[in-house]
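What follows is a short report on a single structure.
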Amino acid sequence: MWRFALNRLLQAIPVLLIVISATFMLVHSAPGGPFSADKAVPPEVIKALEAQYNLDQPLWKQYISYLGDVMQGDFGPSFKYSGRTVNELIAAGIPATAELALYAMMVALIIGVSAGVAAAMRPNTMQDYVPMSAAMLGICMPSFLLGPLLVLIFGIYLEWLPVSGWGDMPGDKIMPSITLGTGYAAYIARLSRGGMLEVLSQDYIRTARAKGLSEPVIIFKHAMRGGLIPVVAFLGPAFAGLLGGSFVVETIFQIPGLGRFYVQAAFNRDYTMILGMTIFFATLIILFNLLSDMLAIWLDPKLRQQARGNN
Numbered sequence: 001m002w003r004f005a006l007n008r009l010l011q012a013i014p015v016l017l018i019v020i021s022a023t024f025m026l027v028h029s030a031p032g033g034p035f036s037a038d039k040a041v042p043p044e045v046i047k048a049l050e051a052q053y054n055l056d057q058p059l060w061k062q063y064i065s066y067l068g069d070v071m072q073g074d075f076g077p078s079f080k081y082s083g084r085t086v087n088e089l090i091a092a093g094i095p096a097t098a099e100l101a102l103y104a105m106m107v108a109l110i111i112g113v114s115a116g117v118a119a120a121m122r123p124n125t126m127q128d129y130v131p132m133s134a135a136m137l138g139i140c141m142p143s144f145l146l147g148p149l150l151v152l153i154f155g156i157y158l159e160w161l162p163v164s165g166w167g168d169m170p171g172d173k174i175m176p177s178i179t180l181g182t183g184y185a186a187y188i189a190r191l192s193r194g195g196m197l198e199v200l201s202q203d204y205i206r207t208a209r210a211k212g213l214s215e216p217v218i219i220f221k222h223a224m225r226g227g228l229i230p231v232v233a234f235l236g237p238a239f240a241g242l243l244g245g246s247f248v249v250e251t252i253f254q255i256p257g258l259g260r261f262y263v264q265a266a267f268n269r270d271y272t273m274i275l276g277m278t279i280f281f282a283t284l285i286i287l288f289n290l291l292s293d294m295l296a297i298w299l300d301p302k303l304r305q306q307a308r309g310n311n
């Protein structure tokens, strides 16, 4: 398994290099610049700022210089947050974003696994149709629609929950977590149903039923270990997606996380911030994919044998 992990990490190096190169070229080819929106700034001041941030150098020199800094873990200074580096801004925003992603993942797992297992226990009945229809609705409903809808119902009409903030008032983490986790709960529900249906048709499950074991024992002790392997494989990209895709929810509920920096960086042409955030999220996606694959291999002997054979 460790050889498998090492191979995956080595494969991630060219992937990250492609991400860095593509992002670097795209942000520098976009019209305008980080200082073009500033008003009434003399040309000599613009030149001095460009010289300070090495923007007066040829593009290939800027790329080589930036690549060298990234290899040392330095994402450079922010163009718009004077006196602060991209590393500092990421460190400041990651706690709220990570906490939101964790709560959203808990919501997704509780709702998704419960709905999927319940649907798989009685396929092609109302116990199957209702949660799967709700899952399809959750997939189709984007967070920028669900968030304001929850705010309207539970925050304004019923006045049960605060409509914004993070950690300032009791209950202010409920609606953002539900908004972000609902879409992933829908995917997990469908994966859980498919995995459980496959496992419940296996011979050892029939044997367990023939021995007179109760249905809860069969489901929770025997079936879920193999039936939830698709969910385990999905957890890595899902958690990385929660971290990287939370900017809409953070904007709706005014959460001081990484999303606001990413959005503002795009509007401000903050090259180093855009690059740093993209590299950071790409690294998270690679790492969480690797962790979920390793967990799936540990749970499934067949996958473990395949990993040994590929190595």
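Each residue of the sequence shown is one higher than the one before, starting from 1 at the first, in the UniProt record's numbering. Glycine included, each C-beta is placed from N, C-alpha and C at the ideal position. Note that the structure is a prediction, hence the values are computed from the model and not measured.
My assumption, with CB atoms under 8 Å, is that residue i sits in contact with residue j. Please give the rounded CB distance.
i      : j      : result
Phe261 : Gly93  : 6 Å
Leu150 : Met175 : 5 Å
Pro230 : Gly195 : 4 Å
Arg193 : Gly116 : 4 Å
Ala185 : Gly112 : 4 Å
Asp270 : Lys61  : Not really, about 20 Å apart at Cβ, beyond 8 Å.
Trp166 : Ala96  : 6 Å
Sort the options by Cα distance to residue i and report the nearest one.
i      : options                        : result
Leu146 : Gly183, Ala120, Glu159, Val130 : Gly183
Arg190 : Leu9, Thr85, Ser114, Tyr66     : Ser114
Glu50  : Gly68, Gly226, Ile229, Pro77   : Pro77
Ala118 : Val130, Leu59, Arg3            : Val130
Tyr187 : Met105, Ile279, Leu284         : Met105
Ala238 : Met121, Ala98, Phe267          : Ala98
Ile255 : Thr207, Lys211, Met169         : Met169
Glu215 : Leu228, Ala120, Gly241         : Ala120
Met141 : Leu180, Ile229, Asp293, Ser292 : Leu180
Gly73  : Leu258, Ser164, Ser29, Ile90   : Ile90
Ser246 : Leu290, Ile178, Ser65          : Ile178
Leu235 : Leu59, Leu291, Asp172          : Leu291
Ala108 : Met126, Ser29, Val232, Asp56   : Val232
Pro14  : Thr207, Ala96, Thr283          : Thr283
Phe267 : Val19, Ile18, Pro31            : Pro31
Ala12  : Ile285, Pro58, Thr125          : Ile285
Tell me the rounded alpha-carbon separation between residue i and residue j.
i      : j      : result
Phe24  : Leu275 : 7 Å
Leu100 : Met136 : 23 Å
Ile110 : Val86  : 35 Å
Pro162 : Thr272 : 35 Å
Trp298 : Arg209 : 26 Å
Ala5   : Leu67  : 25 Å
Glu88  : Gly244 : 18 Å
Leu287 : Val27  : 25 Å
Tyr63  : Asp69  : 10 Å
Asp293 : Ile156 : 43 Å
Ser82  : Leu158 : 43 Å
Asn7   : Ser21  : 22 Å
Ala48  : Met277 : 26 Å
Leu10  : Leu16  : 10 Å
Lys211 : Ser133 : 35 Å
Arg3   : Val263 : 38 Å
Asp172 : Met71  : 39 Å
Quickly, what does DSSP pair residue i with across the bridge? List them, please.
i     : result
Pro77 : Thr85
> Using 8 Å as the threshold, is the region 218 to 227 in touch with the region 199 to 206, meaning 3 or more CB pairs across them?
Replying inline: The region 218 to 227 is in contact with the region 199 to 206.
>> Any contact between the region 244 to 254 and the region 51 to 64? By contact I mean 3 or more CB pairs, one from each, below 8 Å.
In response: No, the region 244 to 254 does not touch the region 51 to 64.
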